[in-house]
Every structure is written in C-alpha cells, then in structure tokens.
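When the letters of the sequence shown are read in order and numbered with the working numbering, they come out as residues -3 to 31. Worksheet for the structure shown next.
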Amino acid sequence: MRTWVKRIVIAGYNHGYISGRTTALLFRIFKLGNA
C-alpha cells in the first residue's frame, strides 16, 4: 500500500474511533441529564 493511502486510512480510523467515543460520552451525559 502507498504511504499516503495508509496515512489516510489511519487518520480516518483514528477520527472515527475518537468521534465514536465522543458520541458515546455525549449520549451518556444526555441520558444522565434526562434521567
């Protein structure tokens, strides 16, 4: 695989992982706020 392709894939994976965790955290806060 070319270096730039690998870099884009890794960046996309990291971004998805971070945003996924952030979404889960926000959802948890939202649920606690509505409880």
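From the three backbone atoms N, C-alpha and C, an ideal C-beta is built for every residue, glycine too.
In the structure shown, what three-state DSSP assignment does residue i receive?
i, result
"R24", "helix"
"R3", "helix"
"R(-2)", "coil"
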